[in-house]
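Taking it in order: structure first as structure tokens, then the write-up.
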Amino acid sequence: MTFSSDFQQLLSAGAFTVAEAFCSTLVALAVGIPAAFFTANRRFWGRRFLLSLSSVPLCVPPLLIALGYVSFFGMSGTLNTVLMSAFSLERPPVSFLYSFAGIVVAQGFYNFPIVMSGVHDSWSALPRPQSDAARLLGAGEFRVFRTVTFWQLLPSVVSSSMLVFLYSFFSFLIVLLFGRVGSSTLEVELFKAARASLDFSRAYKIAAIETSVALFVVFSYAFLARKSNSRGISFVSGTFRRGKIRAQEFPLAVAFFLLVALFFFAPLFSIAVSALTSSRGEFTLSVFARVFSMKGFFPSLVNTVFAALFTGICSTLVAFLYASLVRTVDSRGKSAVLSVLPMVPMALSSVVVGFFLTLAVRRGNPALLVVAQVFLGWPVAFRCIYAELSRLPQETVESALVFSSSPFVLVRKIYIPSSWRGIMSAAGFCFAISAGDATLPLVMAVPHFDTLSLFTYRLAGSYRYHESCACGIVLGGMCMAVFALSNWLKARGGTIRKKRSGGII
1 MTFSSDFQQL LSAGAFTVAE AFCSTLVALA VGIPAAFFTA NRRFWGRRFL LSLSSVPLCV
61 PPLLIALGYV SFFGMSGTLN TVLMSAFSLE RPPVSFLYSF AGIVVAQGFY NFPIVMSGVH
121 DSWSALPRPQ SDAARLLGAG EFRVFRTVTF WQLLPSVVSS SMLVFLYSFF SFLIVLLFGR
181 VGSSTLEVEL FKAARASLDF SRAYKIAAIE TSVALFVVFS YAFLARKSNS RGISFVSGTF
241 RRGKIRAQEF PLAVAFFLLV ALFFFAPLFS IAVSALTSSR GEFTLSVFAR VFSMKGFFPS
301 LVNTVFAALF TGICSTLVAF LYASLVRTVD SRGKSAVLSV LPMVPMALSS VVVGFFLTLA
361 VRRGNPALLV VAQVFLGWPV AFRCIYAELS RLPQETVESA LVFSSSPFVL VRKIYIPSSW
421 RGIMSAAGFC FAISAGDATL PLVMAVPHFD TLSLFTYRLA GSYRYHESCA CGIVLGGMCM
481 AVFALSNWLK ARGGTIRKKR SGGII
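Residue numbers (UniProt numbering): 1 to 505.
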């Protein structure tokens, strides 16, 4: 391959990567901002459930979303089957999935809860006097939004957009499954260069380009967050009562809920349908029986539990220690280094980390896989834990430092009880992220150590979608069980903390 053709290929892959990430972000914004408006300003049935979806991009593996879209929108999927039967069609009418549009729609709807959550929090805390004053001066609702509310929400919109952009920029499995021939992202090209053609020189170039772009986005995000905090953009609202959905808002509400039902809930529901039906459309449990009888299923299940458990524990431990350090020495967030450090792993993709680790060690092993997943997962755990520690009154920390015999007393009697809910959430999230990660196991190619997500991916790659959906149900059920356990431990820890309050120091 000549230099010019290689450069053109990398330029094409880079342009495609930025384009799909940008368009996916636009879709997430188009769905997430209306969702934030309704959840922050209106009361309706299912509001709390809609808000609970904010954890989906973290705890639901991208592989399951891809399976859901294939099962529902694929050529032989539920939607095409129903439409062909209803209108006597010979060919599937819905064929957008295996294209640029399919990648963008899947990633945009998969990540819209990130936008909804971030913008909802800001919208719920906006000071009302400014918008009320604009209304008294005769401004309509749209003008109030355009001239007042939009600028108040802008920091949260931009920060949420950057997160969605990064997640889409590093997308691997969805692009690998839905991308048509000739269209590829930097992440896929890096995997091909490192694992297929063993062209390490080209892999270095791709990794450098990809990481440079991601670092620019991450540091822009960090700069915006610090500017927002320094200017007091984190508002504290007064008492605010949500009203019912108004008549003029009803068409937007109907359109929003229909889109979410079609492109978010239907694919997830279709996974269960595919796992419980035969190729003839009959209800059956034989799909699960076939999966359970496969030679590699139970070893991959055990490997997944092993890797995810150690990843969850180690990620939470690292995050707690770092959060405790930051809370003790930099409670006001003035240190740029301490603030930016947890964001650095966000600029490194799974393929990049796996590639460099395999270069260093040559042959992957389960321990190295756990180390890589901890490196990529601990920033998520840090955000969960530090959010709880940041609520601690500074007077409590200072008193504990004065009267305690050692810093370990501060950690044991103040930090652990105060951040218990965050610790349990962090452990659950990191377990789910590890369990659903098929990229690192695929890149590192650990001998005799298949995980359930990788086992599921290989079934999907061999067009055994019913079996892959059944594996996806097992994987999702395992993550749900871990989250249920973490929620129970959070509630139990909160009860114990209340009983012991008053004699902490």
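For every residue, glycine included, the Cβ atom is placed at its ideal position computed from N, Cα and C.
- [ ] Could you name the residues of the same chain whose beta carbon sits closer than 6 Å to that of Thr239, not counting the 5 residues immediately before and after it, in chain order?
- [x] Because the pLDDT of Thr239 is 47, which lies under 50, any placement of that residue in the model is unreliable, and the number read from its coordinates should be weighed accordingly. The answer is none, since no qualifying residue turns up.
- [ ] Please classify Arg42: does DSSP put it in a helix, a strand, or coil?
- [x] strand
Task: Entirely enclosed alpha helix (DSSP H) segments - the region 368-445, minimum 4 residues - done: 394-403, 407-410, 420-435, 439-444
- [ ] Would you list the residues sitting across from Thr277 in a DSSP beta bridge?
- [x] Secondary-structure assignment with DSSP links Thr277 through a beta bridge to Phe283.
Task: Sub-8 Å separation of Asp199 and Ala208 beta-carbons - done: no
Open item on the list: Taking its Cβ as the centre, do 16 or more other Cβ atoms sit within 10 Å of residue 508, making it buried, or is it exposed?
Closed with: With the chain covering 1 to 505 only, the question about residue 508 has no answer from this structure.
Task: Which residues DSSP lists as bridging Gly243, in chain order - done: Arg42
Open item on the list: My parser needs the beta strand (DSSP E) runs of 3 or more residues fully inside the region 299-328; what are they?
Closed with: none
- [ ] Take every Cβ of the region 289-300, pair it with every Cβ of the region 341-351, and state whether three or more of those distances are shorter than 8 Å.
- [x] no
TODO: Please say whether Glu210 and Leu176 have beta carbons closer to each other than 8 Å?
DONE: no
Task: DSSP state of Pro92 mapped onto helix, strand, coil - done: coil
- [ ] Answer with buried or exposed for Gln248, where buried requires no fewer than 16 other C-beta atoms within 10 angstroms of its C-beta.
- [x] Flag for Gln248 reads exposed.
- [ ] Using a threshold of 8 Å, state whether the C-beta atoms of Tyr457 and Ala438 are closer than that.
- [x] Yes, the pair counts as a contact, with Cβ atoms nearer than the cut-off.
Open item on the list: Since Ile103 and Gly179 should fall inside the 8 Å C-beta cutoff, what is the C-beta to C-beta distance between them, to a whole number of angstroms?
Closed with: 6 Å
Task: First and last residue of the uninterrupted alpha helix (DSSP H) at His120 - done: 100-124
Task: Selected residue, minimal CA-CA separation from Phe37, among Glu90, Val82, Arg91, Pro113 - done: Its Cα nearest to that of Phe37, the residue Pro113 stands out among Glu90, Val82, Arg91, Pro113.
- [ ] Could you tell me the distance, in whole angstroms, from the CA atom of Phe165 to the CA atom of Val402?
- [x] 45 Å
Open item on the list: By the DSSP assignment, the alpha helix (DSSP H) with Met84 in it spans what residues?
Closed with: 78-87
TODO: To the nearest angstrom, report how far apart Ala372 and Gly243 are at their CA atoms.
DONE: 47 Å
Task: Local Cβ density within 10 Å of Leu258, reported as buried at 16 or more and exposed below that - done: exposed
Task: Reduced DSSP category for Gly232 - H, G, I as helix; E, B as strand; rest coil - done: At Gly232, the pLDDT of 42 sits below 50, so the modelled position is not reliable; the number obtained from the coordinates is stated separately. The answer is coil: DSSP assigns Gly232 none of H, G, I, E or B.
Task: Distance between beta carbons of Tyr322 and Phe408, contact taken as under 8 Å - done: Actually they are not in contact, since the Cβ atoms of Phe408 and Tyr322 sit about 16 Å apart, beyond 8 Å.
Open item on the list: On the DSSP letters alone, give me the boundaries of the alpha helix (DSSP H) that Thr147 sits inside.
Closed with: First-last for Thr147: undefined, no H or E at that position.
Open item on the list: Quick check: what's the CA-CA separation for Val329 versus Leu338?
Closed with: Those two C-alpha atoms are separated by around 10 Å.
Task: Nearest-angstrom Cα separation, counted from Thr78 out to Arg91 - done: If you take the alpha carbons of Arg91 and Thr78, they lie about 14 Å apart.
Open item on the list: Could you compute how far the alpha carbon of Ser12 sits from the alpha carbon of Tyr463?
Closed with: 29 Å
- [ ] Would you decide whether Val260 is buried or exposed? Buried here means 16 or more other CB atoms lie within 10 Å of its CB.
- [x] buried
Open item on the list: Can you give me the C-alpha to C-alpha distance between Ala40 and Val119, rounded to a whole angstrom?
Closed with: 9 Å
Open item on the list: On the criterion of 16 or more Cβ atoms from any shown chain inside 10 Å, does Gly46 qualify as buried, or is it exposed?
Closed with: By the neighbour-count rule (16 or more Cβ atoms within 10 Å), Gly46 is not buried but exposed.
TODO: Would you mind working out which of Leu341, Leu163, Ala214 sits nearest Gly108, comparing C-alpha positions?
DONE: Leu163
TODO: May I have the straight-line CA-CA distance separating Gly281 from Val370, to the nearest angstrom?
DONE: 40 Å
TODO: Could you spell out the range, first to last residue, of the alpha helix (DSSP H) harbouring Gly461?
DONE: 452-461
Open item on the list: If contacts are defined as beta-carbon pairs under 8 Å, then Leu285 and Leu452 qualify, I think. What distance do you get, rounded to the angstrom?
Closed with: Cβ-Cβ separation between Leu285 and Leu452: approximately 19 Å, too far for a contact (criterion under 8 Å).
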